[in-house]
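See structure below.
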Amino acid sequence: MTRIIFYLGLILLASNISVASAVTTGLASAVKPNVESSDEPNSTSVKTSSYDYKDSLFRDTPRGTIEGFFEATFEQNFDKAAKYLDLRYLPDGMSKELGPEYAKQLVAIIERNIWVNLEEISDLPSGASDDQLPNYRDAFGRVEVKGNQITLLLQKVPDKQLGNIWKISNATVAKVPMLYSELGYGPIVEWYVQNIPQGHLFKLNLWEWALLISYLILALLVVIPLTWLAKKLILRSEYQYKADLAHLVVGPSRLLLALLLDRAWMANTTLSANVMAVVNTGFLLVIAIIWFIWSLTDVLQNSLRLRWINQGKSQTASLLRPLANFIRVILVALTILIWLEHLGFDASTILAGLGIGGVAIALASKQSIENFIGTITLYSSAPIRVGDVGRFSTITGTVEEIGLRCTRIRTIDRTVINVPNARLSEMDIENISEREKIRFKTDIRLDYKTNTEQLHGIIDDIKSLLVKHDKVDETPLRVTFKGFGLHGLQLNVFAYIGTTDFAEFQLVSEELHFGIMNTVVKHGSRIVPVVPIAPE
Numbered sequence: 040m041t042r043i044i045f046y047l048g049l050i051l052l053a054s055n056i057s058v059a060s061a062v063t064t065g066l067a068s069a070v071k072p073n074v075e076s077s078d079e080p081n082s083t084s085v086k087t088s089s090y091d092y093k094d095s096l097f098r099d100t101p102r103g104t105i106e107g108f109f110e111a112t113f114e115q116n117f118d119k120a121a122k123y124l125d126l127r128y129l130p131d132g133m134s135k136e137l138g139p140e141y142a143k144q145l146v147a148i149i150e151r152n153i154w155v156n157l158e159e160i161s162d163l164p165s166g167a168s169d170d171q172l173p174n175y176r177d178a179f180g181r182v183e184v185k186g187n188q189i190t191l192l193l194q195k196v197p198d199k200q201l202g203n204i205w206k207i208s209n210a211t212v213a214k215v216p217m218l219y220s221e222l223g224y225g226p227i228v229e230w231y232v233q234n235i236p237q238g239h240l241f242k243l244n245l246w247e248w249a250l251l252i253s254y255l256i257l258a259l260l261v262v263i264p265l266t267w268l269a270k271k272l273i274l275r276s277e278y279q280y281k282a283d284l285a286h287l288v289v290g291p292s293r294l295l296l297a298l299l300l301d302r303a304w305m306a307n308t309t310l311s312a313n314v315m316a317v318v319n320t321g322f323l324l325v326i327a328i329i330w331f332i333w334s335l336t337d338v339l340q341n342s343l344r345l346r347w348i349n350q351g352k353s354q355t356a357s358l359l360r361p362l363a364n365f366i367r368v369i370l371v372a373l374t375i376l377i378w379l380e381h382l383g384f385d386a387s388t389i390l391a392g393l394g395i396g397g398v399a400i401a402l403a404s405k406q407s408i409e410n411f412i413g414t415i416t417l418y419s420s421a422p423i424r425v426g427d428v429g430r431f432s433t434i435t436g437t438v439e440e441i442g443l444r445c446t447r448i449r450t451i452d453r454t455v456i457n458v459p460n461a462r463l464s465e466m467d468i469e470n471i472s473e474r475e476k477i478r479f480k481t482d483i484r485l486d487y488k489t490n491t492e493q494l495h496g497i498i499d500d501i502k503s504l505l506v507k508h509d510k511v512d513e514t515p516l517r518v519t520f521k522g523f524g525l526h527g528l529q530l531n532v533f534a535y536i537g538t539t540d541f542a543e544f545q546l547v548s549e550e551l552h553f554g555i556m557n558t559v560v561k562h563g564s565r566i567v568p569v570v571p572i573a574p575e
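If you read the sequence shown in our numbering, its first letter stands for residue 40, the second for the next number, and so on.
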């Protein structure tokens, strides 16, 4: 089980990384553009764009300004980011020297509340012409505060070298402190921002990783004592499979509850859109759910197996293991499909692809499918059960297991033969364990010197021997003079021994054969062997 979860975790982790990268790359339009810039005016930068930038910070156009601002904030270079803000004519209480702090607050507002699509921002020095704004202003986003829509603006400002460049409007900068108090990070997140070193890991800030890990550890500290107490109560109960149930509580249930509690806390915490995008991939939650389903199936399987065995349904109980494995596969597949649908993939397209792949797999595994159908046939018609002794074509032995692919039979020589179920379902199966009694049949050849009186006496005494034996059924019971054979007078003895135990049958058969021999001798006759005819 652990190995399966490990491999499944690797598969989901690969999917999670690719999806998270795609999500954060999309969000990078508000975090990290594909530009390279420098603080120095004489530095060279390479930028693929429809416009040939003259400004080293790409402030020639509205799009260049926003890209450069996001680039600088992603690099945690807020002094550089402040150069994209119009810090002129700020209201009382605000200072140009606090430009880096305003840049930090503004990017936090953007990350938490809006999605900036750079493709929709003009990449021309003249700006957008159809936005119903003055030609010296462009909008790059809108936020809502107390029911009011506030537009975030860019505007042209004078520049000694280029004439005009674009910066984030001083009207917008003037609203940053107010917007941050309403839409920025809360005190807990602010503490992490201030105290965790700057840096990035997988496009997330280090403080964001620290916050995520702290929440998970705190959730575990809350859940672990509760699950430990539940485990102690379960182990003191009389439930037969309390060990399995206790493992379910302290294993997958503990992780699942901790993750659910963690997500509930995060939903009420001021996190950035990047963090929420990664959290909402639900990778760990999917792993916890799969682990929980797997362990819960074990508990239910063991409980049902014991109940059905006590009810005498051993055949149904033997079906539980393959059935439980089938249910596990279906539930795990369903969980993964729901997870992929949550991430934005089209589950119907995935199922269609799996259907086409399933046809190819079915053609390649024709024999396996035949064996699976054979298994269903064996379980539905139930010609044999686990523990039955039977004759299967030339094989005689005891059925030890009916698996999904083959049936395990231990022969009377104590060897083991695995017969594919597709082949077994087509065999003539003689179920020896189903007989309610065992036939006793023997032919006796008497010497031709035996007269009629002796023959009648032998027949009557053998019949009396059979009737008096408590293990011989009263009917059918026959002792008849069959006729004149090539080697002697033939008597046929036929009866049923009332037992299904072959060892007991052999002991009764031995008693009857000795009795028959004594009867023949008592009447002065003898049993003659078959003498082979010599060739001429």
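Ideal Cβ placement from N, Cα and C applies to all residues, glycine included.
Between the CA atoms of residue j and residue i - distance to the nearest angstrom
i: Phe544; j: Ser472; result: 14 Å
i: Ile332; j: Ser95; result: 57 Å
i: Leu172; j: Gln233; result: 38 Å
i: Glu110; j: Arg102; result: 12 Å
i: Thr63; j: Lys242; result: Since pLDDT at Thr63 reaches only 40, below the 50 mark, its modelled position is unreliable, and the value read off the structure follows with that caveat. Each residue's alpha carbon lies about 7 Å from the other.
i: Leu260; j: Ala269; result: 15 Å
i: Leu323; j: Leu257; result: 16 Å
i: Tyr254; j: Val215; result: 29 Å
i: Ile252; j: Phe179; result: 34 Å
i: Tyr175; j: Gln237; result: 36 Å
i: Val567; j: Asp482; result: 11 Å
i: Thr433; j: Ile415; result: 23 Å
i: Thr514; j: Leu504; result: 14 Å
i: Ile536; j: Leu417; result: 30 Å
N-terminal and C-terminal residue of the alpha helix (DSSP H) that residue i is part of
i: Asp283; result: Lys281 to Leu287
i: Asn557; result: Phe541 to Lys561
i: Lys647; result: The requested residue 647 does not occur in the structure, where the chain is confined to residues 40 to 575.
i: Ile326; result: Phe322 to Asn349
i: Glu110; result: Pro101 to Phe113
i: Phe117; result: Phe117 to Ala120
i: Leu218; result: Asn209 to Leu222
i: Gln144; result: Gly138 to Asn152
Buried or exposed by the 16-neighbour rule on C-beta atoms within 10 Å, applied to residue i
i: Ala542; result: exposed
i: Glu217; result: Note on identity: in this sequence residue 217 is Met, with Glu being the wrong assignment. Its Cβ having fewer than 16 others within 10 Å, Met217 is exposed.
i: Pro164; result: buried
i: Arg151; result: buried
i: Asn557; result: exposed
i: Gly527; result: buried
i: Ser334; result: buried
i: Arg246; result: At residue 246 the sequence reads Trp, which differs from the Arg that was named. Buried, since its Cβ has 16 or more Cβ neighbours within 10 Å.
i: Leu525; result: exposed
i: Gly202; result: exposed
i: Glu75; result: With a pLDDT of 38 at Glu75, under the threshold of 50, the predicted position of this residue should be treated as unreliable, though the coordinate-derived value follows. It counts as exposed.
i: Leu546; result: exposed
Nearest residue (CA-CA) to residue i, options the options
i: Ile149; options: Lys507, Val371 and Phe108; result: Phe108
i: Thr454; options: Gly436, Asp467 and Ile468; result: Gly436
i: Pro226; options: Ala213, Ile412, Val559 and Leu250; result: Leu250
i: Ser134; options: Leu370, Glu247, Asn557 and Val212; result: Val212
i: Tyr128; options: Ala210, Ser276 and Gly166; result: Ala210
i: Arg346; options: Ile329, Tyr278 and Gly223; result: Tyr278
i: Trp330; options: Phe365, Val288 and Glu229; result: Val288
i: Arg449; options: Ser464, Asn460, Leu417 and Asp427; result: Asp427
i: Ile153; options: Gln188, Trp248 and Leu370; result: Gln188
i: Thr336; options: Asn349, Gly132, Glu549 and Leu362; result: Leu362
i: Gly563; options: Thr538, Gly522 and His495; result: His495
i: Lys119; options: Asp131, Asp452, Ile456 and Thr104; result: Thr104
i: Glu469; options: Phe431, Ile498, Gln493 and Arg478; result: Phe431
i: Lys476; options: Thr446, Val262, Ala282 and Ser548; result: Ser548
i: Leu463; options: Pro422, Leu485 and Leu343; result: Pro422
i: Phe533; options: Arg478, Trp304, Leu485 and Phe523; result: Arg478
N- and C-terminal bounds of the beta strand (DSSP E) containing residue i
i: Leu201; result: Where Leu201 is concerned, there is no enclosing beta strand (DSSP E), given that its DSSP letter is neither H nor E.
i: Ile456; result: Val455 to Pro459
i: Ala530; result: Note that residue 530 is Leu in the sequence shown, not Ala. Unbroken beta strand (DSSP E) run through Leu530: Leu528 to Ile536.
i: Lys480; result: Ile477 to Leu485
i: Arg430; result: Val428 to Phe431
i: Asp177; result: Arg176 to Val184
i: Trp523; result: Sequence inspection shows Phe at residue 523; the Trp mentioned does not correspond to that position. Residues Arg517 to Phe523.
i: Glu469; result: Ile468 to Asn470
i: Arg598; result: What the structure shows of the chain is the stretch from 40 to 575, and residue 598 is not part of that stretch, so it cannot be assessed.
i: Thr435; result: Ile434 to Ile441
heavy atom of the ligand SAH below 7 Å from residue i C-beta
i: Ser432; result: Ligands in the displayed structure: none, and consequently the ligand SAH is not present.
- Query: Which full runs of the alpha helix (DSSP H) of 4+ residues lie inside the stretch 224-273, going along the chain?
  - Reply: Qualifying alpha helix (DSSP H) stretches, in chain order: 226-234.
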